[in-house]
Amino acid sequence: MRKAFQLHNEMLRHNLQPSPATYNILLNGLCVNRDLTDADRFFSSLQDQNIRLTKVAYTTLIKAHCVKGDACKADVLFRQMVEKGFEISITDYSAVINRLCKKNLTIKVKVFLHMLLSDGISLDQEICFVMLNAFRRVGDLTSEFELLVKMIKCGLLPA
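Under my numbering, residues 1044 to 1202 are what the sequence shown spells out, in order.
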């Protein structure tokens, strides 16, 4: 990563503006190396410089924080991504919901489920089963039942 950042700094010294892909690659490299502190710092510095970040930059960090188990940071980044007006997909929601479920943070899961449905995104069987299992683990039978009803309305049959 040191060499990549040296090249980045050299570009800046020669008044060459790195492309969004350059920033995405640098962020991804930091995340792959599990250096999330530096990744967050770099991401913040780009925001402070008003550099226009892409959805890839956000989803890269969100997924890295999900892998680390930091659902709260992933939640904050997800909300920033929404505020920036990026189109959100079921894959984006699934990454966060999955981690929230693993942490048994079912109140936040319900918030994301509501956001997902409000955005007009269709549920898929895989994420529904993840949520059902989380609701069952914490004993939230009401939420489990409500999700089953939503699944049936969407044409998803519980197995």
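Using N, Cα and C, we set each Cβ at its ideal position, and we do this for glycine too.
If we call anything under 8 Å between Cβ atoms a contact, is residue i one with residue j?
i, j, result
"Lys1141", "Cys1115", "In the sequence under discussion, the amino acid at residue 1141 is Asn, which differs from the Lys named in the question. The answer is no: Cβ separation not under 8 Å."
"Asn1147", "Ala1100", "no"
Buried or exposed: which applies to residue i, given that a residue is buried once 16 or more other Cβ atoms fall within 10 Å of its Cβ?
i, result
"Ile1195", "exposed"
"Ser1186", "buried"
"Thr1134", "exposed"
"Ile1150", "exposed"
"Asp1083", "buried"
"Thr1209", "Lying before the first or after the last residue shown, residue 1209 is absent from the chain, which here runs from 1044 to 1202."
"Asp1091", "exposed"
"Leu1143", "buried"
"Ala1117", "buried"
I'd like the span of the alpha helix (DSSP H) that includes residue i, first residue to last.
i, result
"Cys1197", "Looking at the DSSP string, Cys1197 is not in any alpha helix (DSSP H), and its letter there is neither H nor E."
"Lys1127", "That residue, Lys1127, is in no alpha helix (DSSP H); it is neither H nor E in DSSP."
"Pro1061", "Pro1061 -> no alpha helix (DSSP H), and no H or E assigned at all."
"Asn1176", "1168 to 1180"
"Met1158", "1149 to 1161"
Using beta carbons (cut-off 8 Å, strictly below), is residue i in contact with chain C?
i, result
"Val1125", "Checking the listed chains, one finds no chain C in this structure; it contains a single protein chain."
Rounded C-beta distance between residue i and residue j? I'm assuming under 8 Å.
i, j, result
"Leu1079", "Ala1107", "6 Å"
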